[in-house]
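*Asks:* A single structure is presented below for examination.
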Amino acid sequence: MTLNTWIDLVYLLAAIGFILALKGLSSPKHARNGNLLGAAAAAVAIGFTFAYPEVRAHTLNLVLTLVAMAIGAAIAVPAARMVKMTAMPQMVAIFNGVGGGAAALISIVVFLLEAPGKPAVYRIAEVLFGVLVGSVSFSGSAIAFAKLQELMTGRPITYPAQQAINAVVGVTIVALAVGTLVTGNVPLLVATAVLSLVLGVIFVLPIGGADVPVLISLLNSFTGLAVAASGFTLNNNLLIIAGTLVGASGILLTRMMSKAMGRSLANVLFSAFGSVVTAAGGADGSAESRPVKAGTPEDIGVLLAYARKVVIIPGYGLAVAQAQHTARELADLLMERGVEVFYAIHPVAGRMPGHMNVLLAEANVPYDELKEMDEANPEMSTADVALVIGANDTVNPAAKNTPGSPIYGMPIINADDAENIVFLKRSMRPGFAGIDNELLFDEKTTLLFGDAKDTLAKLVAAVKDA
Amino acid sequence: MSTGILEFLTIFVLAALVGNEVIGRVPSILHTPLMSGSNAIHGIVLVGAILVMGSASGAMQVTLAFLAVLLATLNIVGGFVVTDRMLEMFKPKPVERAPKASDASGDDATGSPK
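Chains A and B, in that order, are what the protein sequence lines are.
Once you know that position 159 of the first sequence is 535 in the numbering used here, the rest is easy, because the numbers rise by one and skip nothing.
Once you know that position 100 of the second sequence is 114 in the numbering used here, the rest is easy, because the numbers rise by one and skip nothing.
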């Protein structure tokens, strides 16, 4: 067998490894091994790529490759290790975006290599697809990162003539792409790439912060497709298979995620268009001057200690305050007193689907105390206290009652059905979606302001005294 | 030439079908790790970047290829490491609950990192 056949065989094994990795990642039992298998498959495939004579043809290029890989690894490993659990989503966004950028660059370089020889139309089409989708994924992920990192507002950003501007950009991209296809002209391709970057930005701007996780999943799928396109331009089976796998499973995952939020994907992506008024509604401070009932830790401690059933509804605030251990301490204490306690987990609690489960697992909260939203909601009306820790949008009744609200239609945990509602909050600031929560002003509601970890510690002390 | 593209198209279609089948029903706790894991998998674009760098010539092409290798490495290395960190939180067995009050509070005090 020739060297190339051997490499192709290794690539085939790596492709199987990726398929098994994806399969493993979709079950809790095998997830970690699945990921390790994927990493091993990738490492072997990359290693064998250096066996290609053309990769080693120019020493300078080979050295540069190794230098770039060393720099990349030196940045990525500490970044991925040090990032806080709460900041995971934006980390994924960044790693996804750079992948899309890499795919776009590869397509451009291949085009530069082939352009003098007037490549066939289908070759140019492959390049165009990689450049367009890869660029959109790159700039879109960058904006998603900025939204999650709160470098910019998490609200949907809308501006006048938004749809018209989008249409102009879209049509121009199509025209440029057709021009590139016909002429094989390099500047036209570069212009397409630049405008695709713009498209990624204007595509993501109107998507609200709470929906960004679904968006990242979609962009992840896009990057997969861009990688598949690079595979076509390079005639490389492994890239086609891996990219397509991610592209196809990513679309499916994206749809599952938006379903978990009770919305269609189209609604998630395009709902902000034409809703300038609604989206801006929560921005003014008028609601903040309304009276709310604030309690002391002692009052609430007694309320909890003598309750029969307490439902803890954790949210991003709990994660930010790193209060998951203290929350567990409080839950354990209550259970020892004979109070029935469980955690009600909204599918998108935190910043990404499943984020909260990860955080609570870190605090060793047993699985059987975690209830998913559909399981928890029927029990809410029998709960004496709904203890909402740093959550807001996921219990906001506006999702049920206020058509036109940006979160209308999202399923929520029915904290409002409980006999008493206690909010542990840092401030009256609205949640990530940027809308006010009527529940805060409900007469059944008591608020306890402060850092979730501090207030929980005070509650633990109060329950012990009660 | 046209048979070549047809072969790749075949692979593409089959891979798309597999991608659709393989993940099936995913519990929502695994949505984030699955997204992150598949994000790492498309980091294999690094193979393409290495290949392109091999044939790049001239400052422009080499610079672009260098960037491609760098970005792809970030994707693949960061992707797998981040996913592993997420997944190490899923312990195989739920932790046994301490039966007595004093034990439990003692456990918690030592168990929670300050």
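The C-beta atom is built at its ideal place from N, Cα and C for all residues, glycine as well.
Please read all numbers here as calculations on a predicted model, not as lab measurements.
Would you say Pro495/A faces chain B, with C-beta separation under 8 Å as the test?
*Replies:* no
*Asks:* Is the beta carbon of Gly516/A less than 8 Å from the beta carbon of Lys523/A?
*Replies:* no
*Asks:* From the beta carbon of Ala73/B, is the nearest beta carbon of chain A less than 8 Å away?
*Replies:* no
*Asks:* Per DSSP, Val717/A forms a beta bridge with which residues?
*Replies:* Val686/A
*Asks:* Report, in whole angstroms, the separation of the C-beta atoms of Leu610/A and Val486/A, which I expect to be a contact under 8 Å.
*Replies:* 7 Å
*Asks:* For a cutoff of 8 Å on Cβ pairs, would you count Leu101/B as touching chain A?
*Replies:* yes
*Asks:* Can you have a look at Gly68/B and say buried or exposed, based on whether 16 or more other CB atoms are within 10 angstroms of its CB?
*Replies:* buried
*Asks:* Just checking: is the beta-carbon of His406/A within a distance shorter than 8 Å of some beta-carbon in chain B?
*Replies:* no
*Asks:* Between Ile789/A and Ile676/A, is the Cβ-Cβ spacing less than 8 Å?
*Replies:* no
*Asks:* Which residues in the same chain have their Cβ closer than 6 Å to the Cβ of Ala397/A, if we skip the five residues on either side of it in sequence?
*Replies:* Cβ within range, chain order: Gly410, Leu413, Gly414.
*Asks:* Which residues of the region 767-791 of chain A have a Cβ closer than 8 Å to any Cβ of chain B? Give them in chain order.
*Replies:* none
*Asks:* Using DSSP's beta-bridge definition, name the partner residues of Asn796/A.
*Replies:* Val761/A
*Asks:* Roughly how many whole angstroms lie between the Cα atoms of Asn596/A and Ser511/A?
*Replies:* 12 Å
*Asks:* Can you check whether the C-beta of Leu60/B is within less than 8 Å of a C-beta belonging to chain A?
*Replies:* yes
*Asks:* Any chance the region 486-500 of chain A sits against the region 447-463 of chain A, with 3 or more Cβ pairs inside 8 Å?
*Replies:* no
*Asks:* Beta-carbon of Leu85/B versus every beta-carbon of chain A: anything under 8 Å?
*Replies:* yes
*Asks:* Which same chain residues, not among the five before or five after Asp744/A, have their C-beta less than 7 Å away from its C-beta?
*Replies:* For Asp744/A, where only same-chain residues beyond five positions count, there are no Cβ hits under 7 Å.
*Asks:* From Ile58/B to Asn89/B, what does the alpha carbon distance come to, in whole angstroms?
*Replies:* One alpha carbon belongs to Ile58/B, the other to Asn89/B, and they sit about 8 Å apart.
*Asks:* Please check if any C-beta of chain A sits within less than 8 Å of the C-beta of Leu65/B.
*Replies:* yes
*Asks:* Quickly, what does DSSP pair Phe825/A with across the bridge? List them, please.
*Replies:* Lys801/A
*Asks:* Can you give me the start and stop residues for the beta strand (DSSP E) that Lys747/A sits inside?
*Replies:* 746-748
*Asks:* Quick check on the DSSP output: the alpha helix (DSSP H) that includes Arg704/A runs from which residue to which?
*Replies:* 700-712
*Asks:* Identify every residue that forms a DSSP beta bridge with Ala670/A.
*Replies:* Leu823/A
*Asks:* Listed from N- to C-terminal order along the chain, which residues in the region 714-732 of chain A have their beta-carbon within a distance smaller than 7 Å of any beta-carbon of chain B?
*Replies:* Residues of the region 714-732 of chain A with a Cβ closer than 7 Å to any Cβ of chain B, in chain order: Pro723, Met728, Pro729, Gly730, His731.
*Asks:* Whose Cβ in chain B lies nearer than 7 Å to the Cβ of Met445/A?
*Replies:* Val83, Thr87
*Asks:* Under 8 Å, Cβ to Cβ, is there at least one residue of chain B near Val839/A?
*Replies:* no
*Asks:* Would you verify that the beta carbon of Tyr692/A is, or is not, closer than 8 Å to some beta carbon of chain E?
*Replies:* The structure shown contains no chain E; the protein chains it does contain are A and B.
*Asks:* Restricting to Cα atoms, I'd like to know which of Pro742/A, Asn768/A, Leu815/A, Val734/A is closest to Val717/A.
*Replies:* Pro742/A
*Asks:* Within its chain, find whatever has a CB closer than 6 Å to the CB of Gly51/B; leave out the 5 residues flanking it on each side and keep chain order.
*Replies:* These residues qualify, in order along the chain: Thr97.
*Asks:* Does DSSP put Ile583/A in a helix, in a strand, or in coil?
*Replies:* Under the three-state reduction of DSSP output, Ile583/A falls in the coil class, being neither helix nor strand.
*Asks:* Contact criterion: CB-CB distance below 8 Å. Does Ile500/A meet it with respect to chain B?
*Replies:* no
*Asks:* Taking Val686/A as the reference, which of Glu712/A, Gly671/A, Tyr692/A has the closest Cα?
*Replies:* Glu712/A
*Asks:* Between which two residues does the alpha helix (DSSP H) harbouring Val544/A extend?
*Replies:* 538-559
*Asks:* Since Thr556/A meets chain B, which of its residues come closer than 8 Å, beta carbon to beta carbon?
*Replies:* In chain order: nothing, as chain B lies at least about 17 Å away.
*Asks:* Please name the residue, chosen from Arg408/A, Ala450/A, Leu488/A, Lys399/A, that lies closest to Met74/B on a Cα-to-Cα basis.
*Replies:* Looking at Arg408/A, Ala450/A, Leu488/A, Lys399/A, the one whose alpha-carbon comes closest to that of Met74/B is Leu488/A.
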